[in-house]
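In case it helps, our numbering puts the sequence shown at residues 107 to 218. Read through the structure below, which is laid out as structure tokens, and then see the notes.
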Amino acid sequence: MTGGILGSVVFLLLGALAYSGRWKGWISVRRGYGSTMGFAWLWLGFAFAAATVGLLAQPYSGLAFLVLCVVAAVLLVVSVVAMFWLPRFLLPAWFRVLRGDRPSAGRSRDAR
107 MTGGILGSVV FLLLGALAYS GRWKGWISVR RGYGSTMGFA WLWLGFAFAA
157 ATVGLLAQPY SGLAFLVLCV VAAVLLVVSV VAMFWLPRFL LPAWFRVLRG
207 DRPSAGRSRD AR
């Protein structure tokens, strides 16, 4: 249990720092594997937290355990995919600018 709690806190903290842009040291690859690794850590932290809470809830509610395990599995898949790619709406604006993405036609101020 302690490992799950510690792991979730560490990954949630690192992921929050990555999403906020306060920590950019993880950015080493422009595209491909690892280019969104910092963002994946946030989702991995959520997966660890859901799994840990599910294990703590198991003696009290089998249904809560099952639901939290399914949530943890989905979040784990999201974190694995996030190591390679994240959809535009899950990327912060500062990262899209850094990567050189063009703004969407409907959202650009220059398009008006």
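Even for Gly, the Cβ is constructed at its ideal location relative to N, Cα and C.
(message) Is there a Cβ of chain B sitting closer than 7 angstroms to that of Leu-192, yes or no?
(response) Going by chain labels, chain B is absent from the structure shown, which holds only one protein chain.
(request) Report the residue ranges of all alpha helix (DSSP H) runs contained in full by the stretch 110-187; include only those spanning at least 4 residues, in chain order. (result) Counting whole runs of 4 or more residues, the stretch 110-187 contains the alpha helix (DSSP H) stretches 143-163.
(message) Beta-carbon within less than 6 angstroms of Asp-55's beta-carbon, same chain only, minus the 5 sequence neighbours each way: which residues are those?
(response) Residue 55 cannot be examined here, being either before or after the span of the chain that is shown, 107 to 218.
(request) For the alpha helix (DSSP H) containing Arg-205, list its first residue and its last residue. (result) Your numbering for residue 205 matches position 99 in the sequence shown. That run of the alpha helix (DSSP H) goes 199-205.
(message) Can you look up Arg-208 in the DSSP assignment and give me helix, strand or coil?
(response) Reading the sequence shown from its first residue, position 102 is the one you call residue 208. In the three-state DSSP reduction, Arg-208 falls in the coil class, being neither helix nor strand.
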